[in-house]
Each structure stands twice: as structure tokens, then as C-alpha cells.
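These notes concern the structure reproduced below.
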Amino acid sequence: MQATAIAQPNIALIKYWGKCDLGRNLPAVGSISVTLKDLYTEVSVTLSSDRLQDQLLVNGSENLPMLARISACLDSVVGENRARALIESSSNFPIAAGLASSASAFAATTVAAASAANLNLGTDELARLAGLASGSAARSLYDGFVELQNTAETISVKSIRDTESWPLQVVVAITEVGPKATGSTEAMEISRATSPFYDSWIDQQEQDLDVARLAISQQDFGSLAAIAEHNCLKMHSVMWASRPSMMYWNSATMRCMQAVRQLQEDGHRVFFTIDAGPQVKAVCVSEDVDAVAEALANTDGVREVMTSGLGHAARLVNPS
Ligand code: DP6
0 MQATAIAQPN IALIKYWGKC DLGRNLPAVG SISVTLKDLY TEVSVTLSSD RLQDQLLVNG
60 SENLPMLARI SACLDSVVGE NRARALIESS SNFPIAAGLA SSASAFAATT VAAASAANLN
120 LGTDELARLA GLASGSAARS LYDGFVELQN TAETISVKSI RDTESWPLQV VVAITEVGPK
180 ATGSTEAMEI SRATSPFYDS WIDQQEQDLD VARLAISQQD FGSLAAIAEH NCLKMHSVMW
240 ASRPSMMYWN SATMRCMQAV RQLQEDGHRV FFTIDAGPQV KAVCVSEDVD AVAEALANTD
300 GVREVMTSGL GHAARLVNPS
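Reading the sequence shown from the start, the letters are residues 0 to 319 in numbering that gives the first Met the number 0.
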């Protein structure tokens, strides 16, 4: 009754922000992401009838704040009358800082839990279950360029382009380590209830998805860059105008955006995107990855720079 899975975080180019059904965690908008290759979360789930309660260890330390969500994820995968579990998670990047750590953690937990319980579930079903735990986690069940479609009924995800045919790189600039002020679930609900820009955000998303889908299919970097930056800044405008206002950036986040603008002016093919946290993800073509990593590493306030290619879907480690 033990299984280990590994999942990569994914970075949304067209963002998921807002839910149409909180109970079923159904996104109010579709989204498009890239799954990374070199950052990962590994999760082992050990189900045991001797155990009285679930226990979560993150990088070796007991983690109570995340336990309820992880237990709920196990309940939906295995069933509420399940044996209790020891869940051991480790990541090679900072968690809970707007780096999509919940995506890789819930994707890996879902895959490991299904296998530990001897359930033979297909990828679509695993994505649906991961998405129930955290919307963005559904996308980590697929590799490469991934689209999560907005349907009122269920979570539907597919890979829309493989990574070999367009091997972009992502440079992550870490500007702050530590948990974010407001978690995404709560922040989305605040946005929906209070932001004067929320409705137009929802209304314009299909258009942005169309532009991004076409850019990806035609390998049109300029068009993808323009729509991804626009979509990201729109999402943050929704957050800024919410009450209370939610600002996830710090001054180094802004300096990284300026560094990306300068790289663009110098002819490098790169664009930025930022999620619900202060880290900046710069997406670029492979030829430009060294210049982008160097510029961001030399930006005042950047603590660390991590580089990743695009990669894999969540999977079992040593499947039997
Ligand atoms: C800004 O997937 O963390 O990263 O479904 O409430 O767990 P929940 O939200 P979550 O939100 C991700 C928001 C985002 C944009 C994105 O990844 O698409």
C-alpha cells in the first residue's frame, strides 16, 4: 500500500484566475501552461490500517497547514473510508511562494495515492482528481504545452504541443522565499466578489486563449510573448483592484520585469509571467537562455535563479 510519484510544476501562460463552482473547484476560465522539466516534487503515499491519522512530512518536517487539503485529496482519490496515510513530499524548489508548488504536490499526491490504493485510473481521471484539489494541478498530469478547458461540467485537460518540437526554456527568478500572504483559492474568491475588472477578465479569456493556441501551433514566439504578458498583467490588475487589494510583487519583481524589457530591446526572445507570488518566470528560446539567466541573476534583489526546459507529465517512480 505504498507508492511514489513525481510531478513537475507548470507555469501558466494564459492564467486560471477565478472559479465558477467553488465546491467542485471548477475554473471560471480556461488556461494554457507549460510543464517544466527540471523542477519537481516527489510524493510517497503509504496507506496503513494501523495508522490513526494522516501525517504529512514536507522536506522531512511535519506540515500541519497543508494537511487538511492533502487529506481531502486522498479522500477524493481513494474514498473517505480509506486507511490513514503517511505522505512524504520533497521539492527541489521553494514551496508556497507562487511557484506552482501546489500544482506539482497535488499532481504527485493524486498519482501516488491512486497507485497505493491499487486503483487503475486513466490520465483524464487523475487530472480531474488533481484539479479537484488544486485547479492548476490538473495541468501537471500532461507534458509540454497544456490546455485546461473551461467547461461548466468537469475539468478537461489536454496536451496541445509536445516539447521536442518547440523546446522553450523557463528561467525562474526567486525574489523572496516563504509563504505568500493570501492563498490562491481565497484570493480568487476575493477577486470575484470585489474586483471591478473581474467580469471583463472572464469575458476576454476566450480571445486570449485563441491567440495563444494559434501562436503555439505556429511556433510564433512574438505573438505568444505579447499575449502571455498581457494576460498576466490583466490578472494582476484584477488582483490589485480587489478589496482588499492583493499585491504579490515586491520591488525586485518589478526590476526583473524591467530586465526582461531591456533584454527584449536588445533583441532577445523572452517574455515574463508572474503568478500569485513575487517570483518572475522568464520564458525564452533556447539560444537566449544564458543571457536571460545572467541578466536576472544580476538584478538587484534576486536571490536565486533556476532554469528549466519543458518536460514531463506526472508519473509513478519505479512502477511495478
Ligand atoms: C495564478 O491552482 O493554486 O497560478 O484551484 O484554488 O488551488 P486552486 O488555485 P491554484 O491557482 C493557480 C493560479 C495561478 C494561475 C495559474 O496557474 O493558471
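Note that beta-carbon positions come from the ideal geometry of N, C-alpha and C, so glycine has one too.
Start and end of the alpha helix (DSSP H) containing residue i?
i      : result
Leu295 : Val288 to Ala296
Leu63  : Element bounds for Leu63: n/a, residue is neither H nor E.
Ser190 : Ser183 to Thr193
Which same chain residues, not among the five before or five after residue i, have their C-beta less than 6 Å away from its C-beta?
i      : result
Asn62  : Leu55
Ala126 : Ala137, Leu140 and Val156
Ile154 : Arg127, Gly130 and Ala137
Glu41  : Ile5 and Ser89
Ile13  : Ser30, Ile31, Asp207, Leu208, Ala211 and Asn230
Cys218 : Residue identity check: residue 218 is Gln in the sequence provided, not Cys. If we look at Gln218 and ignore the five residues flanking it on each side, its Cβ neighbours are Trp165.
Ala116 : Val77
Leu66  : Leu55
Arg302 : Ile173
Asn58  : Ser89
Gly121 : none
Ala224 : Phe270
Pro243 : none
How about residue i and residue j: are their beta carbons less than 8 Å apart?
i      : j      : result
Leu38  : Gln7   : yes
Leu295 : Val282 : no
Val237 : Ser194 : yes
Asp53  : Ser70  : yes
Asp274 : Ala82  : no
Ile189 : Met245 : yes
Glu205 : Phe270 : no
Phe105 : Ile215 : no
Gln148 : Ser285 : no
Thr109 : Ile86  : no
Arg68  : Ala111 : no
Ser101 : Ser135 : yes
Leu315 : Ser103 : no
Apart from the five residues on each side of it in sequence, which residues of its chain come closer than 7 Å, Cβ to Cβ, to residue i?
i      : result
Gly310 : Gln7, Thr34, Leu35, Lys36, Asp142 and Thr162
Ile201 : Gly17, Ala27 and Val28
Lys233 : Trp200
Met256 : Phe271 and Val279
Glu152 : none
Asn91  : Leu38 and Tyr39
Counting along the chain, where does the beta strand (DSSP E) carrying residue i start and finish?
i      : result
Gln172 : What sits at residue 172 in the sequence shown is Ala, not Gln. Counting along the chain, the beta strand (DSSP E) containing Ala172 begins and ends at Gln168 to Ile173.
Thr34  : Ser30 to Thr34
Arg302 : From DSSP, Arg302 is part of no beta strand (DSSP E); its letter is neither H nor E.
Ser43  : Thr40 to Ser47
Lys18  : Lys18 to Asp20
Asn9   : Asn9 to Ile13
Ala84  : Arg83 to Ser90
Ala6   : Gln1 to Ala6
Excluding the five sequence neighbours on either side, which residues of its own chain have a C-beta within less than 8 Å of the C-beta of residue i, listed in chain order?
i      : result
Asp299 : Ala251 and Arg254
Asn249 : Thr174, Glu175, Pro277 and Gly300
His267 : Cys283, Asp287, Ala290 and Val291
Trp239 : Met245 and Met246
Arg191 : Gly17, Lys18, Ala27 and Tyr197
Met187 : Trp16, Gly17 and Lys18
Asn317 : Thr3
Thr306 : Asp37, Gln168, Val169, Val170, Val171, Val288 and Ala292
Leu118 : Val76 and Val77
Against chain B, does residue i count as a neighbour if the rule is that its beta carbon must be under 8 Å from one of theirs?
i      : result
Arg212 : No chain B is part of this structure, which consists of one protein chain only.
* the stretch 45–62 / the stretch 0–16 touching (three or more Cβ pairs under 8 Å) -> yes
* Whole runs of the alpha helix (DSSP H) within the stretch 213–295, excluding any shorter than 4 residues -> 220–239 and 250–264
* Using 8 Å as the Cβ pair cut-off and three pairs as the minimum, do the stretch 247–264 and the stretch 280–299 touch? -> With a cut-off of 8 Å, the stretch 280–299 and the stretch 247–264 count as touching, because enough Cβ pairs lie within range.
* If you pair each beta-carbon of the stretch 16–31 with each one of the stretch 64–75, do three or more pairs fall below 8 Å? -> Segments in contact, no.
* Whole alpha helix (DSSP H) elements within the stretch 100–161, 4-residue minimum -> 100–115 and 122–132
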